[in-house]
Amino acid sequence: MGYDFTVMAAGIDEKSIRKEIPEELVMALAEAKAEAIIRKLPTNDCKDAEPPVLITCDQVVVFEGAIREKPSSKEEARQFLEGYSGGSAATVSSVLVTNLRTGFRKGDWDKAEIHFHAIPDQVIDNLIEEGTILNVAGGLITEHPLLLPYVKQLVGTTDSLLGLPKALTERLIMEAL
């Protein structure tokens, strides 16, 4: 998006934050991440920050009405991918922008839907063996070269699917400044 930025891990226990509604969950997680990161910043960093913006975000996958976070095992990752095969899922992504100087905070969420062709068992096996899918919401990396050929349709934007909706982020930055 053309910004210089520093990446910081919030180091929160995401599993300790529970909400039944996906949009509420991703917003609560983004809020918790913001609070944790702000506590890590030296006090004078907030007053002198240039630009004075903190962006936190989160994403979950929703499949058949159920929230899916990072798979807890290879077996769960397999269940996730087999479920997506020939079906569809959605990503719900939150963005929260905090003006570190004023404390003003604005957040929102975005959604994208992914429809899949049948995903062959060998592709699922290879994705699980590689292991990357164990570290992402819903075990879903649609841009992965092994999985991409089986994406039938995307409803929404690619950047939302990837977890940081650009238009939403830009709007929230402008509102926070």
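Start counting at 1 in the sequence shown, then tack on 7, and there's your number in the working numbering. Every residue gets a Cβ at the ideal spot worked out from N, C-alpha and C, and that includes glycine. Values in this document were obtained by computation on a predicted structure and should not be read as measured data.
- Item | Meets three-Cβ-pair contact criterion under 8 Å: the stretch 143–150 and the stretch 85–93 | Judged by pairs of C-beta atoms under 8 Å, the stretch 143–150 touches the stretch 85–93, as three or more such pairs exist.
- Task: Report the residue ranges of all alpha helix (DSSP H) runs contained in full by the stretch 38–104; include only those spanning at least 4 residues, in chain order.
- Result: Those alpha helix (DSSP H) runs which fall completely within the stretch 38–104 and span 4+ residues are 50–55, 81–91.
- For the alpha helix (DSSP H) containing R173, list its first residue and its last residue. One-based indexing of the sequence shown puts residue 173 at position 166. Correcting the residue identity first, residue 173 is Lys in this sequence and not Arg. Secondary structure note for K173: its alpha helix (DSSP H) is the uninterrupted segment 173–183.
- Task: Would you please state the rounded distance, in angstroms, between the beta carbons of G94 and F123? I believe it to be under 8 Å.
- Result: Position 87 of the sequence shown, counting from 1, holds the residue named residue 94. Position 116 of the sequence shown, counting from 1, holds the residue named residue 123. Between F123 and G94 the Cβ distance is about 6 Å, and since that is below 8 Å, they are a contact.
- Under 8 Å between C-beta atoms of W116 and S101: In the sequence shown, counting from the first residue as 1, residue 116 sits at position 109. In the sequence shown, counting from the first residue as 1, residue 101 sits at position 94. Yes, these two residues count as a Cβ contact at 8 Å.
- Task: Check A144 in the structure and name its three-state DSSP category.
- Result: Position 137 of the sequence shown, counting from 1, holds the residue named residue 144. Three-state DSSP puts A144 in a helix.
- Which term fits R75, buried or exposed, when burial requires 16 or more other beta carbons within 10 angstroms of its beta carbon? Looking up residue 75 in the sequence shown gives position 68. The residue is buried, with at least 16 neighbouring Cβ atoms inside 10 Å.
- What is the DSSP secondary structure of A35, counted as helix, strand or coil? Position 28 of the sequence shown, counted from the first residue, corresponds to residue 35. Under the three-state reduction of DSSP output, A35 falls in the helix class.
- Query: Counting pairs of beta carbons, one from the stretch 27–44 and one from the stretch 66–80, are three or more of them closer than 8 Å?
  - Reply: Yes: the two stretches touch, three or more of their Cβ pairs being nearer than 8 Å.
- C-alpha gap between D11 and L134, whole angstroms: On the sequence shown, position 4 is the one that residue 11 refers to. On the sequence shown, position 127 is the one that residue 134 refers to. Using only the alpha carbons, I get a separation of about 33 Å.
- Query: Hey, out of L141, P59, Q129, whose CA is closest to R108's CA?
  - Reply: By one-based count along the sequence shown, residue 108 stands at place 101. Considering only alpha carbons, the answer is P59.
- Item | Closest Cα partner of K40 within the set K113, L103, P172, L179 | Taking the first residue of the sequence shown as position 1, residue 40 is located at position 33. Minimum Cα distance to K40 is reached at L103.
- Task: State yes or no: is the C-beta of L141 within less than 8 Å of the C-beta of P78?
- Result: As a position in the sequence shown, residue 141 is number 134, starting the count at 1. As a position in the sequence shown, residue 78 is number 71, starting the count at 1. In this structure, L141 sits near P78, with a CB-CB distance shorter than 8 Å.
- What are the start and end residues of the beta strand (DSSP E) that includes E120? Walking along the sequence shown from the start, residue 120 turns up at place 113. For E120, the enclosing beta strand (DSSP E) starts and ends at 112–123.
- On the DSSP bridge assignment, give the partners of N106 in chain order. Taking the first residue of the sequence shown as 1, we reach residue 106 at position 99. N106 is bridged to V60.
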